[in-house]
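Working notes for the structure below.
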């Protein structure tokens, strides 16, 4: 054993009394960092607790508490009548066993468990400065500081009252406000009883899968469609059958030709802005789909989460408003342009279905009643309309600029149309090119294109490129890097 370390504790432990962390925990965290960075080495002997306390100008009890915590975690070892010594439980397996410190689980489980390859997600993280997405908002348009004041106001009111509000109060207030907002903006005539707010789109589909799907049920989706609900419904045991699409959207005639009454459980689609192609279902096919749902006895799950990003908010386009109340389950979003913690999804459906669906909120995480109150205030005070107008203006400008940049830098190499709704453009290449190679070449240039944006088969070579998260300068840089990568592949 070596002599006590000469390095004074104050050289690597800095106490900040403004922090919420207890002082003894600040010592613990900084001590561990010192060991990990080799400022303290394994087997170094520590000075006594009194010496450390004097060095840090702290009460000895605080130092004793820190040393006790470090010993419990295995970062020091105390040998009676000899001293206290530095240990590194991340390096020394024997010391882990001896000190009974926390031991990391093995990389591979020594027991069997269920694996769901269906749920493998195509989402990836990017380290590049410039990147595309499949269509995400710019959360900096509405400053988070503005939103926090609504939540803070709710917290202060609760604290002043001195009592904890019932969890249901926030939900009822928010559902009342949300129903009012939807009736105003989407032409509905709903009370809160036909509305179920759910935080998270994946929870929405998980609840519906449990309410509607039995193993073997047939769910119809578009030929190219959104991976998230497909994963969830498949995992629930549904058989997903794909239906061709064209410039008018899902081919309803194909359903009549290939299926019989009673064979279909549900049809899932986004009639306003189909994912990924952004095409809208024609009015004629909407009427055909609703008539077929009645004749064939199936449900239509209408995904309308892009309504807030539509430059033309035609209320009549919504299937639910076309006498679809008996057959249509409507999925929407509220505040999707806000900071993620302030966003909400919702289901509109028959009252008894939603009452059953509410039970699953206890499984997936109970609603944040205070957040729901804050969102209710956002509507009640009228700020949501101001935010909506600001975001709509910015997105319309970015969509126009993005389309011009694509036309300028790709000229006649691509085909695309500017969609009425959504945050992405569907780009079709006229010439065959490997999108995987394009992805690699773009990444070499400093541009990241996730797999979820790539669509290539015998019929199409296309990209779904989100633009809304990019400002004008970032947008131009990204398009230039993409065009350079494409030109390089074409010339090779």
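Residue numbers (my numbering): 45 to 536. Cβ atoms here follow ideal geometry from the backbone N, Cα and C, with glycine treated the same way. Given the structure is predicted, the values throughout are model-derived calculations rather than measurements.
To the nearest angstrom, how far is it from the Cα of residue 366 to the Cα of residue 331?
8 Å
To which residues of the same chain is residue 314 closer than 6 Å at the C-beta, ignoring the five residues directly before and after it?
Cβ contact annotation for residue 314 (same chain, cutoff 6 Å, sequence separation greater than five): 347, in chain order.
Are three or more beta carbon pairs between the region 465-473 and the region 322-331 nearer than 8 Å?
yes
Indicate whether residue 371 and residue 337 have their beta-carbon atoms separated by less than 8 Å.
yes
For residue 123 and residue 78, what's the separation of their Cα atoms in angstroms?
21 Å
Secondary structure at residue 508, three-state DSSP: helix, strand or coil?
When secondary structure is reduced to three states using DSSP, residue 508 falls in the strand class.
What residue range does the alpha helix (DSSP H) around residue 107 cover?
In this chain, the alpha helix (DSSP H) harbouring residue 107 covers 104-117.
Using the rule of at least 16 other Cβ atoms within 10 Å of the residue's Cβ for burial, across every protein chain shown, is residue 433 buried or exposed?
Answer is exposed; the Cβ neighbour count stays below 16.
From the DSSP secondary-structure annotation, give me the bridge partner or partners of residue 389.
DSSP output for residue 389 lists 242 and 377 as bridge partner(s).
Provide the residue(s) that pair with residue 71 in DSSP beta bridges, ordered along the chain.
Bridge partners of residue 71: none, in fact.
Which of helix, strand or coil does DSSP assign to residue 339?
Reduced to three states, the DSSP call for residue 339 is helix.
From residue 62 to residue 70, what distance separates their C-alpha atoms?
Taking the straight line joining both Cα atoms gives about 11 Å.
Does DSSP classify residue 140 as helix, strand or coil?
Low local confidence applies: a pLDDT of 44 at residue 140 is under 50, so the model's placement there is unreliable, with the coordinate-based value given in what follows. Correct three-state label for residue 140: helix.
Can the beta-carbon of residue 423 be found less than 8 Å from the beta-carbon of residue 101?
no
Give me the Cα-Cα distance between residue 384 and residue 182, rounded to the nearest whole angstrom.
11 Å
Tell whether a beta-carbon distance below 8 Å holds between residue 496 and residue 473.
no
Does the region 253-271 come close enough to the region 279-294 that 3 or more CB-CB pairs lie under 8 Å?
yes
Could you tell me how far apart the beta carbons of residue 530 and residue 445 are, in whole angstroms, since I believe they sit closer than 8 Å?
Their Cβ separation, rounded to whole angstroms, is 20 Å, which puts residue 530 and residue 445 out of contact at 8 Å.
Using the three-state DSSP reduction, which class does residue 58 fall into: helix, strand or coil?
coil
Please say whether residue 391 and residue 242 have beta carbons closer to each other than 8 Å?
yes
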